[in-house]
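A.B. asks: Chains A and B, in that order, are what the protein sequence lines are. Quick note, the first sequence lines up with residues 1 to 69 if you use our numbering. Quick note, the second sequence lines up with residues 1 to 271 if you use our numbering. The beta-carbon is built from N, C-alpha and C at its ideal position, and this holds for glycine as well. Owing to the predicted nature of the structure, the values given are computational and were not obtained by experimental measurement.
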Amino acid sequence: MADSKENLTIHINEAWCKGCGICIAFCPKKVLGFNENGKVTMLDRENCIKCGMCQMRCPDFAIFLGGKE
Amino acid sequence: MNHPLAEGFFRMEKLPHIWCPGCGHGIIMASIARAIDKLGLDKDKVCIVSGIGCSSRAPGYMDFNTLHTTHGRALAFATGVKLANPELEVIVIAGDGDLSAIGGNHLIHAARRNIGLTTICFNNNIYGMTGGQYSPTTPTSEKGTTAPYGNIDKPFDITQLAIGAGATYAAKTTAYHVPQMDKLMEAAIAHKGFSLVEAISICPTYYGRKNKKGSAVDMMNFLKDSFIDHKVAEKLPPEKKEGKFLIGEFLNKVEPEYTEQYDKIIAQLKK
Numbered sequence: 001m002a003d004s005k006e007n008l009t010i011h012i013n014e015a016w017c018k019g020c021g022i023c024i025a026f027c028p029k030k031v032l033g034f035n036e037n038g039k040v041t042m043l044d045r046e047n048c049i050k051c052g053m054c055q056m057r058c059p060d061f062a063i064f065l066g067g068k069e
Numbered sequence: 001m002n003h004p005l006a007e008g009f010f011r012m013e014k015l016p017h018i019w020c021p022g023c024g025h026g027i028i029m030a031s032i033a034r035a036i037d038k039l040g041l042d043k044d045k046v047c048i049v050s051g052i053g054c055s056s057r058a059p060g061y062m063d064f065n066t067l068h069t070t071h072g073r074a075l076a077f078a079t080g081v082k083l084a085n086p087e088l089e090v091i092v093i094a095g096d097g098d099l100s101a102i103g104g105n106h107l108i109h110a111a112r113r114n115i116g117l118t119t120i121c122f123n124n125n126i127y128g129m130t131g132g133q134y135s136p137t138t139p140t141s142e143k144g145t146t147a148p149y150g151n152i153d154k155p156f157d158i159t160q161l162a163i164g165a166g167a168t169y170a171a172k173t174t175a176y177h178v179p180q181m182d183k184l185m186e187a188a189i190a191h192k193g194f195s196l197v198e199a200i201s202i203c204p205t206y207y208g209r210k211n212k213k214g215s216a217v218d219m220m221n222f223l224k225d226s227f228i229d230h231k232v233a234e235k236l237p238p239e240k241k242e243g244k245f246l247i248g249e250f251l252n253k254v255e256p257e258y259t260e261q262y263d264k265i266i267a268q269l270k271k
């Protein structure tokens, strides 16, 4: 599990984000925030534990865990 | 890179969907797709049927056999699909108004027959698409455009209604409780006979604004704080259960399924 998480990172599709803030509010590590467009952005990638809570509750498929590019 | 679930189970060219910012429907729709994925169902053997309303737009986005029908009649069309082709996994997506008001009779009779359909109710307590009229699940004293001084009706409990009408699987969950929702969706789809999952959604635009419920995040926090699993609630002292709503699996039993009974009659007459 640790190994598979190593290769994962949070991806954000800003074009699909509607800025509802649900992922930001329920992130257990509070690593997400709003950018200047009112959309979600990763503020602290180092402290992200890749739990996938944001992906789970995003109504818009705008944030998700995927392979590092 | 694309969202793995969106890419595998949704019509990418139709996304992003048109639901409002913070609408809970997207969370519930994703849960249905995850359950289908987890069960390993053949996409061509799944048929998703809906009526009219915000929630009923879901089949337009979902990449399966889909059928967008008339208001309240999704269960009637789905009954036809299932009888003509019983090996299909037929899933009905309906809003609270669509399912319990316009289609109320279809709901109770589909449940009574125990026909092998899975009904997922996206319950946002309001008619969102038409601008916020109160629905049969709008709580008493809450407001809608058609109840500007507060609703005087008593709301339906759709889960209990389905149980009373003869459903053999019934569960309730919320857009906040996603891990629980995923499990219930899976169990409901796998269930033989009529199954219903009532997923409490949030409508920040109409229900939320009209009733001063705050932002989408505030409404999600309300779901988080106000709903508890009924099995957990059993062990809690009364003061901790006060004002809480119960969720979880309420009924799961085996009874003869309608299309199987129908096929038996056909086989009997062919002898």
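1. Just checking: is the beta-carbon of residue 22(A) within a distance shorter than 8 Å of some beta-carbon in chain B?
2. For residue 265(B), which of helix, strand or coil comes out of DSSP?
3. Is there at least one Cβ from chain A nearer than 8 Å to residue 115(B)'s Cβ?
4. Per DSSP, what kind of secondary structure is residue 152(B) in: helix, strand or coil?
5. Per DSSP, residue 89(B) is paired with what?
6. In the region 213-242 of chain B, which residues sit with their C-beta less than 8 Å from some C-beta in chain A, listed in chain order?
7. In the region 113-200 of chain B, which residue ranges form an unbroken alpha helix (DSSP H) of at least 4 residues, counting only runs that do not cross its ends?
8. Under three-state DSSP, which class holds residue 110(B)?
9. To test your reading of the DSSP string, which unbroken beta strand (DSSP E) runs of 3 or more residues are found completely within the region 57-101 of chain B?
10. State yes or no: is the beta carbon of residue 13(A) nearer than 8 Å to at least one beta carbon in chain B?
11. Go ahead and label residue 269(B) buried or exposed: buried means 16 or more other beta carbons lie within 10 angstroms of its beta carbon, across all protein chains shown.
12. Is there at least one Cβ from chain B nearer than 8 Å to residue 1(A)'s Cβ?
13. Identify whether residue 308(B) lies in helix, strand or coil by the three-state DSSP scheme.
14. Assuming residue 6(B) contacts residue 61(A) (C-beta within less than 8 Å), just tell me the rounded distance between them.
15. Rounded to the nearest angstrom, what separates residue 100(B) and residue 169(B) at their Cα positions?
16. Comparing alpha-carbon positions, which option in 125(B), 166(B), 248(B), 257(B) lies nearest residue 105(B)?
17. Within the same chain, show all residues whose beta-carbon is closer than 7 Å to that of residue 68(B), passing over the 5 residues directly before and after it, in chain order.
18. Can you look up residue 105(B) in the DSSP assignment and give me helix, strand or coil?
19. Buried or exposed: residue 210(B), going by 16 or more other Cβ atoms within 10 Å of its Cβ?
C.D. replies: Reading it off the structure:
1. Yes, residue 22(A) counts as interfacial toward chain B.
2. In this structure, residue 265(B) counts as helix in the three-state DSSP scheme.
3. Not one chain A Cβ lies under 8 Å of residue 115(B).
4. Reduced to three states, the DSSP call for residue 152(B) is coil.
5. The secondary-structure analysis by DSSP pairs residue 89(B) across a beta bridge with 46(B).
6. For the region 213-242 of chain B, which is checked against every Cβ of chain A, the residues closer than 8 Å are 215, 216, 217, 220, 221.
7. Qualifying alpha helix (DSSP H) stretches, in chain order: 158-165, 178-190.
8. Reduced to three states, the DSSP call for residue 110(B) is helix.
9. For the region 57-101 of chain B, the full-length beta strand (DSSP E) segments reaching 3 residues or more read 65-68, 89-95 along the chain.
10. For residue 13(A), the answer is yes, since a Cβ of chain B falls inside 8 Å of its Cβ.
11. Label assigned to residue 269(B): exposed.
12. Confidence at residue 1(A) is low in this model, with a pLDDT of 47, below 50, so the placement of that residue should be treated as unreliable; the coordinate-derived value is given next. It does not: the Cβ of residue 1(A) has no partner Cβ on chain B nearer than 8 Å.
13. The first residue shown for chain B is 1 and the last is 271, placing residue 308(B) beyond what the model contains.
14. Right, the Cβ-Cβ distance comes to about 4 Å (below 8 Å), so this counts as a contact.
15. The alpha-carbon separation between residue 100(B) and residue 169(B) amounts to approximately 17 Å.
16. The shortest C-alpha separation from residue 105(B) is found at 166(B).
17. Same-chain partners within the cutoff: 50, 56, 59, 60.
18. The three-state reading of DSSP puts residue 105(B) in helix, counting H, G and I together.
19. Taking every protein chain shown into account, the CB of residue 210(B) has 16 or more other CB atoms within 10 angstroms, so this residue is buried.
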